[in-house]
């Protein structure tokens, strides 16, 4: 990490301070890494062939990308079939829709919902709080007129009436 900061620091010093500008030609303009030596050598193997294109021009870049997409194959369909990401996405999405419809038809749950999640745990805690509140209110001498039970997901449980107000707050969630 210190090596990278040295490279960045020397770039900044030689660019912005006039005292160091004579040393600008000596400064390293790339981050050296473990593959720097291998990358500095010319390649002799060209698996996709040579393409004499200018990558700064949009039309040449599009041609290069099309050539790479044509040469890189999908292993399932054989070496000469071009991989189409959109087609693969549509296949997977359609299969997921059919599976979801079948699971809903037969009343099956999604496999991701097999374990309890945070909302189920919170709902269980809230329903337990409601049960405790009902017991407390049943054991008290004061009767409530028109009690209403409100449930706010994660905010708390409250029992309100015209004559009395009882509120409990669940413990703070820890993630």
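Numbering (this note's numbering), first residue to last: 1 to 175. Here a beta-carbon is modelled for each residue, glycine too, at the ideal position from N, C-alpha and C.
A contact is defined here as three or more CB-CB pairs under 8 angstroms, and the stretch 26-37 meets this definition with respect to the stretch 2-9. For residue 46, there is no enclosing alpha helix (DSSP H), as DSSP marks it with neither H nor E. With a cutoff of 8 angstroms on beta-carbon distance, residue 70 and residue 60 are scored as not near each other. DSSP, reduced to helix, strand and coil, places residue 39 within a helical segment of the structure shown.
Separation of residue 87 and residue 93 (C-alpha to C-alpha, rounded to the nearest whole angstrom) is 10 angstroms. Residue 9 carries a helical assignment under DSSP once its states are collapsed to helix, strand and coil. Going by DSSP, residue 71 is part of the alpha helix (DSSP H) stretching over 58-71.
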